[in-house]
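Colleague: These protein sequence lines are chains B, F, Y and U, in that order. Position 205 of the first sequence, counting from 1, maps to 186 under our numbering, and the rest follow consecutively. Position 199 of the second sequence, counting from 1, maps to 180 under our numbering, and the rest follow consecutively. Position 23 of the third sequence, counting from 1, maps to 4 under our numbering, and the rest follow consecutively. Position 83 of the fourth sequence, counting from 1, maps to 64 under our numbering, and the rest follow consecutively.
There are 4 protein chains.
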Amino acid sequence: MIQMTLIQIDNYGPWTVTPSPKAESDLQILQAELYADLEQQFAARGGLVFFTRFDNMLAISNNISIEDHKHIQKSIGNRYPITISMGIGAGNTPYDAQYNATKALQKYGSAQSPKRKEILAVDSIAENGFVQIAHIDINGITKKLTDTVSAYDTFLFVNKVYQILMDELFKKGALIFFIGGDNFMSLCNGVKTNALLKILKIVDEELNIELKAGVGKASTAYKAANLADLALEAIREGNTSSLVHMIEEKEMIN
Amino acid sequence: MIQMTLIQIDNYGPWTVTPSPKAESDLQILQAELYADLEQQFAARGGLVFFTRFDNMLAISNNISIEDHKHIQKSIGNRYPITISMGIGAGNTPYDAQYNATKALQKYGSAQSPKRKEILAVDSIAENGFVQIAHIDINGITKKLTDTVSAYDTFLFVNKVYQILMDELFKKGALIFFIGGDNFMSLCNGVKTNALLKILKIVDEELNIELKAGVGKASTAYKAANLADLALEAIREGNTSSLVHMIEEKEMIN
Amino acid sequence: MIQMTLIQIDNYGPWTVTPSPKAESDLQILQAELYADLEQQFAARGGLVFFTRFDNMLAISNNISIEDHKHIQKSIGNRYPITISMGIGAGNTPYDAQYNATKALQKYGSAQSPKRKEILAVDSIAENGFVQIAHIDINGITKKLTDTVSAYDTFLFVNKVYQILMDELFKKGALIFFIGGDNFMSLCNGVKTNALLKILKIVDEELNIELKAGVGKASTAYKAANLADLALEAIREGNTSSLVHMIEEKEMIN
Amino acid sequence: MIQMTLIQIDNYGPWTVTPSPKAESDLQILQAELYADLEQQFAARGGLVFFTRFDNMLAISNNISIEDHKHIQKSIGNRYPITISMGIGAGNTPYDAQYNATKALQKYGSAQSPKRKEILAVDSIAENGFVQIAHIDINGITKKLTDTVSAYDTFLFVNKVYQILMDELFKKGALIFFIGGDNFMSLCNGVKTNALLKILKIVDEELNIELKAGVGKASTAYKAANLADLALEAIREGNTSSLVHMIEEKEMIN
C-alpha cells in the first residue's frame, strides 16, 4: 500500500483576483515558495511532494501521521496569506491512493467554497506499506537537444515524452511527474521492471529517443527516491546492461 | 520586438549526482527557490520568468539592461551552490527571441561543460519593443473537474489542453507556459485575437472544454501580464461577449 | 539536562570576501534564509534555533538524534554555497550545554580553517532531558515607545533591556536571545520563577519599565516554547497576578 | 541628505496570538523570510534594509521612488499573511531621517490599530542625497574568541561592543546595526573619519579589543556598502595604516 496526500489551496482562484488580479509574478513566487516549503516539511518526515498544478499538489506520505499533517497544515496557515486543506488516502496503486485522498477531501465541499477551510480529510492510512518510484531520464539530452536546438524546442520535446509516459503509465495505475531538466518520477507500486521497459520502448519508437529508469522500492518516499537515484546512476555508469534497474530496501515489510 | 532571456544552470546535471546523487527533495527545493528568486529579481525590473524545465528557464526581459542581468547573475552566484549563464535575444516573435537567446549562449560551450560558467551572451536587445501576453484559462474547471474527478485525472486533462495549445501556438511563433491551476500564459507577439480564438476552438472541439483568453499588450512583461489579467476578468464578469479580449497599454511605442 | 547544538558556517568570513567582497544585501539574504531554513528543519523535529550571530547559531536540540543532525547538515550543503559544522552538547544549564557543544566542535580546528568542513562533533546527548524557556516581553511597549518615539529610539531601548537581561541571566547559567519586537526567549533550565521575577525587577529599577515572563517546561523546545507563550497569554489576560507564570508539560520525565 | 524608510508590520503583536499563540518557530521563519524578501526588493533598487526589531525594520532608500515603495508594499501584501506600512523621511543625519519617517507614519494611527493598514506615509524625499556607511568589524575575533571561548561568550562580547558603538554613534546622529558575525554597519552621514577613529578607541579602551572601519560614501546604499567593504579590505590587507579608511564614489553629488 502506498499512501498519498492531496494538498489543495483553499479557495485559491477567487483569492488571486480579489479585490483585483494580483501581479502574476507575486503568484508565481508564492506558489513556488509554498511548494518548496511543503517539500521541506514532508521530506523532513520521509515524504516527497510533487508540484502537480501548484494549487493542487500530490505527496507521497507513507509513515507520516495525521498529527504530522496537522502540524504542517498549521505551519502553512501561520506563514502564508492562504490556507491548505488535505486529503489522505492509501491504495494498492498510486492512482487508487490519490483517488481515495481526493474523494475524502471532496466530501467537505468545493475547492472554491469560502466556507471549506483547513480541512484534514482522512480516507485511509497505509500501515507497513511501501513506495516504488521510478526515476526516468532521457539519454544524452544535453548533446542531442539542449546544446543544439532552441530552449523552447527542447522544452516541447520533453513535454512530448511526458505526454506518452503519462498515457502509458496511467494504464498501470501509475502516476508520473516532471521534476525538472529531462527528469521524471513515476510512482509505480506494483509495476514490474519489464512493464516499465516496454513503456520506455514505446517512447523510443514514437520519438526516436532512448530513456532509462532507475527504480527504488522502500518504506518511505524519501528512501525510495534515493534508491531510484542510485539505480539510475548504476545504469549511467554501465554497471547494468538494462535500461531499467531496480534497488530494494533490505528487509522490506510489505 | 520582444526580448527574451534564457537562464541556464551551469553544469547542473553532473552537479546533482556528484559525489553521489543528492536527495530529490533538496533538488526540488533548490529549483523552486531559484525560480522564485529569479522571478522576484526580474519582476522588480519589469520582467517575468517561466520555470520551463527549471534548469533552463525562459524570461521576458524587455527593458532589462545587460547591467541588470549581470547584477542578477552575480546575486544568484553569491547565494546558491550553483551558478547561472544567460543568453539574451530579441525577435519579432517570441520563438525567434528565445531562439536567438539560445544560440548566443550555445556558442560559449555545452550546458554541461565544467568550463562554461556565468556567461552572459547577448545576441540582441529589443529597443522600444513590446510584449503581448495571453492569459488563458479553462471555463468552470473547479465544478467540472477539481470537485468531481480525482486530482490526477484533472492534472492529466490540464496537460492534454496544454499539449494542444503548445502545438497550435507553435505554428504562430508563439510560446506557452503552464502557470498553475488551469492557467497558461502565452507569449504571442504578432498573433491576432482572431487567431487565438480559432486555437481555443480547436481545443474545445478536441476535448469538449471551453477556454478563454485575456490578452495584454504593453512595453514590459509585468504590465502586459497585468493587462492580460484585467482582460480575463472582463470576460469572466461578462463585460465582453467574446472568449478572447485584449487590452493595450496606452500610447504604446512599437 | 538540556541539549544544545552550535551551528557554525564553515570558513564563512574568508568566503564573504573571496574573490572580492560580496554585496552586503546578498549576504543578509543568505544569512536570513539559512536561519529560516534551519529553524524549519529543527522545528520539524521538535527543536528551536536562535539566530545569535547568524554565522554561529545556537539551537535547542533535545530529542533530535545525531542521524537527524546529519540529515539537516547534508540538506544545507546541497542547497547553499556554504556548508555548516555542528557541535552537540548536553548540560544541566543551557550555558553548560552550549559550552560543551562549542568545545566539541573547536577540537576539529578553526572556524576559519579551509580544511574543517561539515563536522558533526558530539560531546553529549540529553536522554530524557527537559527544556525550560521563558518568553519575556515588555509591558505596553507599543503605546509607550513604538507609537511615540522614533523607531531607532525604541530599538535602542529594547537593546538596553536586552543587555541587562543578558548580564543577570548569565549569573544563573541561563541564556537569552532577542526574537523580534519586544520579545526575548531565555533558556533557563533550573532557574526558579522567583529568581526570574527578581531579574525583571532589576530591569524595572534601572530602566523604569515593566516586563513579564511566561515560562514553559517540557520535553522539547517546541513544546516548551508553546507553553511559555500560553503562560505569557495568561499573564496578559490577567489570569494570574504575578509577572512570571510557569506551565509544565504533564507527566514530565526529568 | 540620507533617505530612510521605516517598515512596520501592521498590527503584528495581536496577530501573533490570535486566536491562540502561533508556534514560535513559524514566527521566526516568517520574520526572517520577510526580512530577506524586503532586502531583495530594496537591493534591486539600490537600497539596503536592516532587520532592527523585525516587526519594525529600517531601510536606506535613497533613489527609491514612492512608486517603487508602493510596488514593494503590494508585493508583500500579496504573499504574506500580514501587511506592512511604511514611512519615508529624509534628513541630514540618519537619526533625523528615521525620526522623520517614524513621525510621518505615527500620524496614521497606532502600530497595533486594526484600522491602520498598508499606509505609505511620506515626510520627505532626498533628492541628490548621499549615503555614508561604515562597515565595522573586530580584529582577529576568530582566533581570540570564536575558536577559544564558548559560542555564547563570544555572542555576549559582540553585544558589549555593539552597546558601546550604539551609545557613542548616537551622539553624532549616526545609527548602527549588527549584520552578523562580528560585523556592524553604521549609517553615519556627516561623521568624519577622525570621529569614527575616536569611537573605535573608546571600545578598545573599555573592552581591550581593536576594531576597524571601512567607510563608503555614494549616491545609494548599495554602492556605499560596497565601497565600505572595499575600504575594509584595504585595511585588512594592510594597504592603509589607519583603522578607519574611506572610499568615495567618483563625481559624487552632495
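For glycine and all other residues, C-beta sits at the position ideal for the given N, C-alpha and C. The model shown is predicted, which means the values in this text are computed figures rather than measured ones.
Taking any Cβ of chain B, which residues in the region 16 to 44 of chain Y have a Cβ under 9 angstroms from it, in chain order?
Modeller: Residues D18, Q21, Q22, A24, A25, R26.
Colleague: Starting from P0/Y, find everything on chain U with Cβ-Cβ shorter than 9 angstroms and list it in chain order.
Modeller: Taking the third sequence and counting its residues from 1, one reaches residue 0/Y at position 19. Going along chain U, no residue has its Cβ under 9 angstroms from P0/Y, so there is no contact; the nearest lies around 11 angstroms.
Colleague: Could you work out which residues of chain D lie near L11/U, taking near to mean beta carbons separated by less than 8 angstroms?
Modeller: This model lacks chain D altogether; the protein chains it does include are B, F, Y and U.
Colleague: Here's a check: name, in chain order, each residue in its chain whose Cβ is nearer than 7 angstroms to the Cβ of N235/B, leaving out the five neighbours to either side.
Modeller: Here residue 235/B is taken as the residue at index 254 of the first sequence, counted from 1. With a pLDDT of only 46 at N235/B, under 50, the local geometry of the prediction cannot be trusted, and the value read off the model is given with reservation. Closer than 7 angstroms at the Cβ level, and outside the excluded window around N235/B, lie F111.
Colleague: Rank S42/Y, E20/Y, Q93/Y, A24/Y by C-alpha distance to the C-alpha of K32/Y and give the top, closest one.
Modeller: Within the third sequence, the letter at position 51 stands for residue 32/Y. One point to set straight first is that residue 32/Y is Phe, not Lys, in the sequence displayed. Out of S42/Y, E20/Y, Q93/Y, A24/Y, E20/Y has the C-alpha closest to the C-alpha of F32/Y.
Colleague: I'd like to know if L150/U contacts chain Y, where contact means its C-beta is closer than 8 angstroms to some C-beta of that chain.
Modeller: What you label residue 150/U is simply residue 169 of the fourth sequence in a count that begins at 1. It does not; no Cβ of chain Y falls within 8 angstroms.
Colleague: Which whole-angstrom value is the C-beta distance of G237/B and L178/B, which I expect to be below 8 angstroms?
Modeller: Any answer about residue 237/B is impossible in this case: the structure gives chain B only from -18 up to 235.
Colleague: Should T(-1)/Y be labelled buried (16 or more other beta-carbon atoms within 10 Å of its own) or exposed?
Modeller: Taking the third sequence and counting its residues from 1, one reaches residue -1/Y at position 18. Its Cβ having fewer than 16 others within 10 Å, T(-1)/Y is exposed.
Colleague: Any beta-carbon of chain Y closer than 8 angstroms to the one on A194/F?
Modeller: Counting from one through the second sequence, the residue named residue 194/F turns up at place 213. It does not: the Cβ of A194/F has no partner Cβ on chain Y nearer than 8 angstroms.
Colleague: Measuring CB to CB, does I69/F end up less than 8 angstroms from V30/F?
Modeller: For the purposes of this step, residue 69/F is taken as residue 88 along the second sequence, with counting starting at 1. For the purposes of this step, residue 30/F is taken as residue 49 along the second sequence, with counting starting at 1. Cβ atoms of I69/F and V30/F: not closer than 8 angstroms.
Colleague: Would you list the residues sitting across from F158/U in a DSSP beta bridge?
Modeller: Here residue 158/U is taken as the residue at index 177 of the fourth sequence, counted from 1. Answer is M166/U, bridged to F158/U.
Colleague: Could you list which residues in chain Y have their beta carbon closer than 7 angstroms to that of K3/F, in chain order?
Modeller: Translated into the one-based positions of the second sequence, residue 3/F becomes position 22. Within 7 angstroms Cβ-Cβ: N59.
Colleague: Rounded to the nearest angstrom, what separates E48/Y and E99/Y at their Cα positions?
Modeller: Start at 1 with the first residue of the third sequence, and residue 48/Y comes out as number 67. Start at 1 with the first residue of the third sequence, and residue 99/Y comes out as number 118. About 14 angstroms.
Colleague: May I ask you to report which of helix, strand or coil DSSP gives Q93/U?
Modeller: Within the fourth sequence, residue 93/U is the residue found at index 112, counting from 1. If DSSP states are grouped into helix, strand and coil, Q93/U belongs with coil.
Colleague: Let me make sure I understand the geometry here. Which of K198/B, A206/B, I160/B has the alpha-carbon closest to that of D36/F?
Modeller: The residue you call residue 36/F lines up with position 55 of the second sequence. Looking at the Cα atoms, I160/B is the closest of the given residues.
Colleague: Shorter than 8 angstroms from the beta carbon of T123/U to some beta carbon of chain Y?
Modeller: Position 142 of the fourth sequence, counted from the start, is the residue given in the question as residue 123/U. With 8 angstroms as the cut-off, T123/U counts as an interface residue toward chain Y.
Colleague: Please classify I218/B as buried or exposed, where buried requires at least 16 other C-beta atoms within 10 Å of its C-beta.
Modeller: Residue 218/B sits at position 237 when you count from the first residue of the first sequence. The identity of residue 218/B in the sequence shown is Glu, whereas the question assumes Ile. E218/B is exposed by the Cβ-count criterion.
Colleague: Suppose you measure from the CA of E232/B to the CA of T(-14)/B; what does that come to, to the nearest Å?
Modeller: Walking along the first sequence from the start, residue 232/B turns up at place 251. Walking along the first sequence from the start, residue -14/B turns up at place 5. Because the pLDDT at E232/B is just 49, under 50, the model does not fix this residue reliably, and the point stays unresolved.
Colleague: Can you grab the Cα-Cα spacing for the pair L8/F / Y143/F, in whole Å?
Modeller: Counting from one through the second sequence, the residue named residue 8/F turns up at place 27. Counting from one through the second sequence, the residue named residue 143/F turns up at place 162. Near 25 angstroms, if we compare the C-alpha coordinates of Y143/F and L8/F.
Colleague: For S222/F, name the three-state secondary structure that DSSP assigns.
Modeller: Position 241 of the second sequence holds residue 222/F. Coil.
Colleague: Could you say if the region 57 to 76 of chain U and the region 85 to 99 of chain U meet the contact criterion of at least three C-beta pairs nearer than 8 angstroms?
Modeller: The region 57 to 76 of chain U vs the region 85 to 99 of chain U: in contact.
Colleague: Check the DSSP bridge columns for A194/Y and list the partner residues they point to.
Modeller: Your numbering for residue 194/Y matches position 213 in the third sequence. According to DSSP, A194/Y bridges with I117/Y, V225/Y.
Colleague: Below 8 angstroms on C-beta distance, what does E14/B contact in chain F?
Modeller: Numbered from 1 along the first sequence, position 33 holds the residue referred to as residue 14/B. Chain F residues near E14/B: A13, E14, A17.
Colleague: Taking C-beta pairs closer than 7 angstroms, name the residues in chain U that L(-13)/Y reaches, listed in chain order.
Modeller: Numbered from its first residue, the third sequence carries residue -13/Y at position 6. Near L(-13)/Y (Cβ distances below 7 angstroms), the residues of chain U are A132.
Colleague: Pair every Cβ in the region 133 to 140 of chain F with every Cβ in the region 9 to 19 of chain F, then say whether three or more of these pairs are closer than 8 angstroms.
Modeller: Contact fails: fewer than three Cβ-Cβ distances are below 8 angstroms.
Colleague: Note down, one range per segment and in chain order, each beta strand (DSSP E) of at least 3 residues found wholly within the region 28 to 96 of chain Y.
Modeller: Runs found: 29 to 31, 37 to 41, 65 to 72.
Colleague: Going by other Cβ atoms of all chains shown within 10 Å of its Cβ, with 16 needed for buried, is K182/B buried or exposed?
Modeller: The count along the first sequence starts at 1 and reaches residue 182/B at position 201. It counts as exposed.
Colleague: Less than 8 angstroms between CB atoms is the rule here; does Y76/B satisfy it with respect to chain F?
Modeller: Looking up residue 76/B in the first sequence gives position 95. Interface residue, yes.
Colleague: Could you work out which residue in I157/F, A176/F, I(-17)/F, G(-6)/F is closest to K124/B when comparing CA atoms only?
Modeller: Taking the first residue of the first sequence as 1, we reach residue 124/B at position 143. For the residues I157/F, A176/F, I(-17)/F, G(-6)/F, the minimum Cα distance to K124/B belongs to G(-6)/F.
Colleague: Quick check on K88/U: buried or exposed, where buried means 16 or more other Cβ atoms within 10 Å of its Cβ?
Modeller: Sequence index remark: in the fourth sequence, residue 88/U carries index 107 (1-based). K88/U comes out exposed.
Colleague: For N59/B versus G171/B, is the C-beta distance shorter than 8 angstroms?
Modeller: Against the first sequence, residue 59/B aligns to sequence position 78. Against the first sequence, residue 171/B aligns to sequence position 190. No; because the gap between Cβ atoms is not below 8 angstroms, this pair is not in contact.
Colleague: When you compare each of L126/U, Q113/U, W(-4)/U to N189/U by their alpha carbons, which one comes out closest?
Modeller: Indexing the fourth sequence from 1 puts residue 189/U at position 208. Answer by Cα proximity: L126/U.
Colleague: In chain order, what residues of the same chain lie with their CB nearer than 7 angstroms to the CB of V139/U, ignoring the 5 residues before and after it?
Modeller: On the fourth sequence, residue 139/U is found 158 positions in, with the first residue counted as 1. The answer, listed in chain order, is D163.
Colleague: Are the Cβ atoms of P2/F and L211/B separated by less than 8 angstroms?
Modeller: For the purposes of this step, residue 2/F is taken as residue 21 along the second sequence, with counting starting at 1. For the purposes of this step, residue 211/B is taken as residue 230 along the first sequence, with counting starting at 1. In this structure, L211/B lies closer than 8 angstroms to P2/F by Cβ.
Colleague: Pop quiz: A82/F and A107/F are said to be a contact at Cβ under 8 angstroms. What is the actual Cβ separation, rounded to whole angstroms?
Modeller: Within the second sequence, numbered from 1, the residue matching residue 82/F stands at position 101. Within the second sequence, numbered from 1, the residue matching residue 107/F stands at position 126. A82/F to A107/F, Cβ: 11 angstroms. No contact.
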